[in-house]
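According to our numbering, the sequence shown is numbered sequentially starting from 3.
Where a beta carbon is used, it is the ideal one built from N, C-alpha and C, also for glycine.
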Amino acid sequence: MTVVDPDVEAAEIEAAIAIGPNGDEVNAKVPFHMDSPLRVPAERYYSREFFELEKEKLWPHVWQMAAREEEIPDPGDFVEYEIVGQSLLIIRQEDGSVKALYNACRHRATELGRDCGRFPGNQIVCPFHGWRWKIDGEITHVFGREGFDPETIKKEDISLKEAKCETWGGHVWINMDHDAPSLQEALFPAASLLDRAAVGNMRVKWWKEAIINCNWKLAQEAFFEGWHVKQTHPQLYTYKDSPGNETNLQGTVYTPFMNGHGRFWAGDAKEGYGGKPDFLEAAKLNWSGQDAMTLERDVHVFEGVANGMDTSSPEYVGRAMKALFDYWDGAGIPHPPMGPEFMKLWGGDIHLFPNYLMLPMYVNSLAYRVRPHNDDPDWCRFEVWSLTTYPESYETPRAEKLGRFDKDDADHWGLIPRQDFANLERMQRGIKSQSLPHTTLAELWEVTIANMHQELDRRLATDY
Ligand code: FES
Ligand SMILES: [Fe+2]
Numbered sequence: 003m004t005v006v007d008p009d010v011e012a013a014e015i016e017a018a019i020a021i022g023p024n025g026d027e028v029n030a031k032v033p034f035h036m037d038s039p040l041r042v043p044a045e046r047y048y049s050r051e052f053f054e055l056e057k058e059k060l061w062p063h064v065w066q067m068a069a070r071e072e073e074i075p076d077p078g079d080f081v082e083y084e085i086v087g088q089s090l091l092i093i094r095q096e097d098g099s100v101k102a103l104y105n106a107c108r109h110r111a112t113e114l115g116r117d118c119g120r121f122p123g124n125q126i127v128c129p130f131h132g133w134r135w136k137i138d139g140e141i142t143h144v145f146g147r148e149g150f151d152p153e154t155i156k157k158e159d160i161s162l163k164e165a166k167c168e169t170w171g172g173h174v175w176i177n178m179d180h181d182a183p184s185l186q187e188a189l190f191p192a193a194s195l196l197d198r199a200a201v202g203n204m205r206v207k208w209w210k211e212a213i214i215n216c217n218w219k220l221a222q223e224a225f226f227e228g229w230h231v232k233q234t235h236p237q238l239y240t241y242k243d244s245p246g247n248e249t250n251l252q253g254t255v256y257t258p259f260m261n262g263h264g265r266f267w268a269g270d271a272k273e274g275y276g277g278k279p280d281f282l283e284a285a286k287l288n289w290s291g292q293d294a295m296t297l298e299r300d301v302h303v304f305e306g307v308a309n310g311m312d313t314s315s316p317e318y319v320g321r322a323m324k325a326l327f328d329y330w331d332g333a334g335i336p337h338p339p340m341g342p343e344f345m346k347l348w349g350g351d352i353h354l355f356p357n358y359l360m361l362p363m364y365v366n367s368l369a370y371r372v373r374p375h376n377d378d379p380d381w382c383r384f385e386v387w388s389l390t391t392y393p394e395s396y397e398t399p400r401a402e403k404l405g406r407f408d409k410d411d412a413d414h415w416g417l418i419p420r421q422d423f424a425n426l427e428r429m430q431r432g433i434k435s436q437s438l439p440h441t442t443l444a445e446l447w448e449v450t451i452a453n454m455h456q457e458l459d460r461r462l463a464t465d466y
């Protein structure tokens, strides 16, 4: 089921640029609002007042990535999605569709499901007094019905309440506001861009979580730009012949889109700045450093055509790409067409407002979802997916989170995420320094951070 039109023209996507800074009407309603696209007030990352406003105006009204579809392959499968104290059960229905039901018994509020699992016989049963519902939320059994005033247990009052729920790109999305715009409208143009990278074919390779002492926005913004690579991930900076050449950065273009979404991707100028990365070395480091975006099978393909060539030469990169497409065709792996309009996004990043990111590469993607943790602006729940595309004949098993791991756990996190995670808690400590009324953004590289905050202010100023 796709809710996004796959035929959206590239020109229409590129025209969907951000509407820019807000005026007084928005700013007057939002504490610590964005005054300039070049500065983010520090309090936005730790103030209780600001966090409460997000709880009231953002989370109950915005589309959120609640689950991967393959977490709930069969009817009766459920997974819980929790956001700032609200819990929803995402449940696969008998007709293959998905519903999101509030996770609270309508008798005395007992939680009906936790984490993930299966409702046997497609019946949801309350563990306290045994009331039962169909998996679409309709009440089927009230234990002790004769003890209640019939007026209080009318079907419509004790069936489980639904939130809006739609699917796109292999994900299930929810919105608790029944008056919200459609998912298609809300995700434009980010979803259309990701359709061009064929993310709908991708499935979970692995999925993990870390709890991090950092505000949810600060954590996700650390992935809105690629120019931290040189300092944070020096091993990945494989440019040759360009000692200290910062102009390589010009090869990446940052675009703020409407609805708070953003993108960075390879610019057209990359070849012109002297110094090219060693393609094969970078691929190996990417695989060994995070086991996402570039996978072992890709490295094998690239190694197979190296034959002593200069692996930073355009000839080699062309040959490696051709070999990859041939491999996909031979293995029956669906893929986007060969062409710059599809391949430019590889190694780049699409942020879907408010808190989901995809970094597609070949037929793989890294994906991040960041949520507040425990009603605390200083903590977030950071989830990481490695997605890939399997041969069409392959039956994907039910996806389960491998676990929650300490951010420093080298047995469960590769070098690349550990390097990123290490920055996050240091940023959260620094952001409270009285020397620092705001952070300072680069006009060229950090424009999508400002764009996300400006959209957030528009949400926080809305009267629902
Ligand atoms: S609390 Fe659920 S049946 Fe009583
Ligand atoms: Fe990073």
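Leaving out the 5 sequence neighbours to the left and right, which residues in its chain are closer than 6 angstroms to Asn203 when beta-carbon positions are compared? Pro336 and Thr391
Neighbourhood of Thr442 by C-beta distance below 7 angstroms, restricted to the same chain and skipping five residues each side: Leu40 and Arg41
Within the present structure, is the beta-carbon of Thr450 separated from the nearest heavy atom of ligand 2 by less than 6 angstroms? no
Which word fits Thr296, buried or exposed, when buried means at least 16 other C-beta atoms lie within 10 angstroms of its C-beta? With a threshold of 16 other beta carbon atoms within 10 Å, Thr296 meets it and is buried.
Alpha carbon of Ser367 to alpha carbon of Met36, nearest angstrom: Cα to Cα, the separation comes out at about 32 angstroms.
Per the contact definition of three or more C-beta pairs closer than 8 angstroms, is the stretch 119-131 in contact with the stretch 73-80? The stretch 73-80 is in contact with the stretch 119-131.
Distance check for Asp97 and Val255, CA to CA, integer angstroms please. 43 angstroms
Where do the N-terminal and C-terminal ends of the beta strand (DSSP E) with Arg428 fall, by residue? Premise fails: Arg428 lies in the alpha helix (DSSP H), Leu417 to Gly432, not in any beta strand (DSSP E).
Which class does Asp378 belong to by DSSP, given the choice of helix, strand or coil? strand
Taking 8 angstroms as the cut-off, does the stretch 402-417 touch the stretch 205-216 (at least 3 CB pairs, one atom from each stretch)? Contact between the stretch 205-216 and the stretch 402-417 is present, because at least three Cβ pairs lie under 8 angstroms.
Whole-angstrom C-beta distance between Ala102 and Ala68, which should lie under 8 angstroms: 7 angstroms
Excluding sequence positions up to five away, which residues of its chain have a Cβ less than 8 angstroms from the Cβ of Phe266? Around Phe266: Phe226, Glu227, Gly228, Thr254, Val255, Tyr256, Thr257, Gly350, Asp351 and Thr450.
Sequence-distant residues of the same chain with beta carbon closer than 8 angstroms to Leu55, five excluded per side: Val32, Pro33 and Leu462
Do the stretch 9-20 and the stretch 186-205 touch if we need at least three Cβ pairs shorter than 8 angstroms? yes
Between the C-alpha atoms of Gln88 and Pro62, what's the straight-line distance to the nearest angstrom? Whole-angstrom Cα-Cα distance: 9 angstroms.
If you draw a straight line from the C-alpha of His109 to the C-alpha of Val86, how long is it? 23 angstroms
Through-space distance from Asp331 to Lys57, alpha-carbon basis: Distance between the alpha carbons of Lys57 and Asp331 is about 47 angstroms.
Rounded to whole angstroms, what is the Cα-Cα separation between Phe53 and Pro152? 41 angstroms
Given this structure, state the Cα-to-Cα distance separating Ala188 from Arg147, to the nearest angstrom. 43 angstroms
Closer than 6 angstroms: is that where the CB of Arg116 sits relative to any heavy atom of ligand 1? no
Give a yes or no on whether the C-beta atoms belonging to Gly416 and Gln292 are separated by under 7 angstroms. yes
Can you tell me where the alpha helix (DSSP H) with Asn29 in it begins and where it stops? Asp26 to Asn29
Applying the criterion that 16 or more other CB atoms from any shown protein chain within 10 Å of the CB defines a buried residue, is His529 buried or exposed? The shown model of the chain, from 3 to 466, leaves out residue 529, and the question about it has no answer.
By Cβ distance, which residues of its chain are closer than 8 angstroms to Gly115, with the 5 residues on each side in sequence left out? The residues are Phe80, Glu82, Leu91, Asn105, Phe121 and Ile126.
Cβ shell of Phe145 (< 7 angstroms), same chain only, five flanking positions each side left out: When the five nearest sequence neighbours on each side are left out, the beta carbons in the same chain lying within less than 7 angstroms of the beta carbon of Phe145 are those of His131, Gly132 and Trp133, in order along the chain.
Quickly, what does DSSP pair Tyr370 with across the bridge? List them, please. Leu359 and Val386
Please report how far the alpha carbon of His173 lies from the alpha carbon of Leu347, in whole angstroms. 20 angstroms
6 angstroms CB neighbourhood of Arg46 in its chain, flanking five on each side removed: Phe34 and Phe52
Rounding to the nearest angstrom, what Cα-Cα distance links Tyr358 and Val231 in this structure? One alpha carbon belongs to Tyr358, the other to Val231, and they sit about 20 angstroms apart.
Please confirm whether Leu426 and Cys216 have their CB atoms less than 7 angstroms apart. Yes, the Cβ-Cβ distance between Leu426 and Cys216 is below 7 angstroms.
Exposed or buried, what is Phe150 when buried is set at 16 or more other beta-carbons lying within 10 Å of its beta-carbon? Under this definition Phe150 is an exposed residue.
Per DSSP, Ile214 is paired with what? Cys382
Output the distance between the C-alpha atoms of Glu298 and Lys286, rounded to the nearest integer angstrom. 8 angstroms
For Thr142, which residues from the same chain have a beta carbon less than 8 angstroms from its beta carbon, with the 5 sequence-adjacent residues on both sides left out? Answer for Thr142: Gln125, Arg134, Trp135 and Lys136, listed in chain order.
Check Asn177 in the structure and name its three-state DSSP category. strand
Could you give the DSSP three-state label for Lys57: helix, strand or coil? helix
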